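J.: This is the structure I want to talk about, given as structure tokens.
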Amino acid sequence: MSLITNLHSPANVLVCGASQGIGLALCEQLLPREDVGLLIAVSRQATRSPLLDTLALTHGHRLMRIDCDARDEQALQALAAQVQASCAQLNLVISTLGVLHEPPVRAEKSLAQLDMAGLQASFVSNCFAPILLLKHLLPLLRQQPVTFAALSARVGSIGDNHLGGWYSYRASKAALNQLLRTASIELKRLNPASTVLALHPGTTDTQLSRPFQGNVPIEKLFSPAFAARCILELVGQHGPSQTGTFWAWDGRPIPW
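Numbering (numbering that gives the first Met the number 0), first residue to last: 0 to 255.
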């Protein structure tokens with residue numbers, strides 16, 4: 000399956016959140032592909048990650064690593080300038096940014112547990128960082144087929160919310176979905192060959208979900224490698240006619 004619909008040259012790919020979990024698994028699966036020319040791995044410690052070091056030894060100049068805290072807009076601006084100096088066009092950007100349970104963020108079970116610090120931290124990581132990443136990379140997305148995919152979550156679906164709880168996480172992912180949908184409309188005007196996707200990778204055995212895996216059936220707890228494979232399949236299956244849509248790991252659409 001082609002990585003990007005109607006792209007006839009090797010893709011320049013950027014993965015944000017690349018040093019662990021799903022982001023790292025994406026890098027491990029993208030680099031061996033012949034239809035990937037350059038992979039830019041971005042994270043707070045991309046140049047100090049032992050696992051990315053190993054990939055760099057194998058793949059050499061095809062892997063570029065950039066340290067960037069995506070919660071800092073000035074850092075995102077500097078990231079975009081550095082990427083632009085290395086390549087004129089990106090064809091795929093995948094944001095794996097997000098936080099569920101990391102002080103001061105916590106998965107609130109009731110209104111009484113809400114506080115301003117937790118809400119702000121959830122929105123900064125889950126919503127603001129991915130959309131500002133798209134904003135600053137926009138000059139690199141104006142030509143050729145291009146896909147911007149951000150990891151969302153089924154719990155961000157308002158229509159699918161039957162259990163309540165997880166206030167700030169749900170709300171920040173719902174806000175991300177709206178921003179991605181809105182951005183897809185603007186980007187389609189600028190580049191008709193563009194695709195913007197919100198993707199739910201399923202419950203994955205990563206640091207983000209580890210405190211909440213107790214009630215997850217073993218067959219529904221996915222490895223980062225499986226989640227990454229599903230994400231790349233979704234990217235390959237969806238083009239400009241599906242821009243601004245929300246999909247689960249198994250290829251099923253998720254209601255807003």
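Every residue gets a Cβ at the ideal spot worked out from N, C-alpha and C, and that includes glycine.
Keep in mind the model is a prediction, meaning the values are calculated, not measured.
If you draw a straight line from the C-alpha of Val-234 to the C-alpha of Ala-174, how long is it?
T.: Looking at the two C-alpha atoms, the distance is approximately 21 Å.
J.: Could you compute how far the alpha carbon of Gln-241 sits from the alpha carbon of Thr-194?
T.: The straight-line gap from Cα to Cα measures roughly 7 Å.
J.: Below 8 Å on the Cβ atoms is my guess for Leu-54 versus Glu-27; work out the distance and round it to an integer in Å.
T.: Yes, they are in contact, since the Cβ atoms of Leu-54 and Glu-27 sit about 7 Å apart, within 8 Å.
J.: Met-115 to Gln-76, Cα distance in whole Å?
T.: Those two C-alpha atoms are separated by around 27 Å.
J.: According to the Cβ coordinates, are Leu-260 and Cys-15 closer than 7 Å?
T.: Outside the modelled stretch of the chain, which goes from 0 to 255, sits residue 260, for which no answer is possible.
J.: On a Cα-Cα basis, can you pick out the residue from Gly-243, Ser-1, Ser-171 that is closest to Cys-126?
T.: Closest by alpha carbon: Ser-171.
J.: Leaving aside the five residues before and after Thr-146 along the sequence, list all residues of the same chain whose C-beta is less than 7 Å from its C-beta, in chain order.
T.: Cβ neighbours of Thr-146 beyond the five flanking positions: Ile-3, Leu-91, Thr-194, Leu-196, Val-234.
J.: Can you give the Cα-Cα distance for Ser-208 and Ala-247, rounded to whole angstroms?
T.: In this prediction, Ser-208 has a pLDDT of 49, which is less than 50 and means its spatial position is unreliable; what the coordinates show is noted afterwards. Ser-208 and Ala-247: Cα-Cα distance of roughly 17 Å.
J.: Out of Gln-88, Leu-25, Leu-6, Ala-111, point me to the one whose CA is closest to Ala-226's CA.
T.: The shortest Cα separation from Ala-226 among Gln-88, Leu-25, Leu-6, Ala-111 belongs to Leu-25.
J.: Where Leu-178 and Ala-148 are concerned, what is the direct C-alpha to C-alpha distance, given to the nearest angstrom?
T.: Leu-178 and Ala-148: Cα-Cα distance of roughly 12 Å.
J.: Could you tell me which residues DSSP pairs with Cys-15 in its beta bridges?
T.: Bridge partners of Cys-15: Val-41, Ser-94.
J.: Distance, Cα to Cα, Asn-11 vs Ser-48?
T.: Answer to the nearest angstrom: the Cα atoms are 21 Å apart.
J.: Which term fits Arg-169, buried or exposed, when burial requires 16 or more other beta carbons within 10 angstroms of its beta carbon?
T.: Flag for Arg-169 reads buried.
J.: Among Gln-44, Arg-141, Thr-95, Ser-94, which has the Cα closest to the Cα of Leu-192?
T.: The question names Leu, but residue 192 is Ala in the sequence shown. Closest option to Ala-192, Cα to Cα, is Arg-141.
J.: Can you look up Pro-239 in the DSSP assignment and give me helix, strand or coil?
T.: In this structure, Pro-239 counts as helix in the three-state DSSP scheme.
J.: Restricting to Cα atoms, I'd like to know which of Cys-67, Gly-59, Asn-190 is closest to Pro-31.
T.: Measuring from the Cα of Pro-31, the nearest candidate turns out to be Gly-59.
J.: Could you have a look at Ala-148 and say whether DSSP puts it in helix, strand or coil?
T.: Ala-148 falls in the strand class under three-state DSSP.
J.: Which residue or residues does DSSP assign as beta-bridge partners of Trp-246?
T.: Paired residue(s): Leu-198, Pro-252.
J.: Return the bridge partner residues of Phe-127 from the DSSP annotation.
T.: For Phe-127, which the question treats as bridged, DSSP gives no partner whatsoever.
J.: Just verifying my parser: in three-state terms, what is the DSSP assignment at Ala-10?
T.: Residue state, collapsed to three classes: strand.
J.: Which residue marks the beginning of the beta strand (DSSP E) containing Ile-21, and which one marks its end?
T.: No beta strand (DSSP E) holds Ile-21; the alpha helix (DSSP H) holding it covers 20-29.
J.: List the whole-angstrom C-beta distance separating Val-82 from Leu-29, where the pair is believed to meet the contact cut-off of C-beta under 8 Å.
T.: That pair is no contact at about 16 Å.
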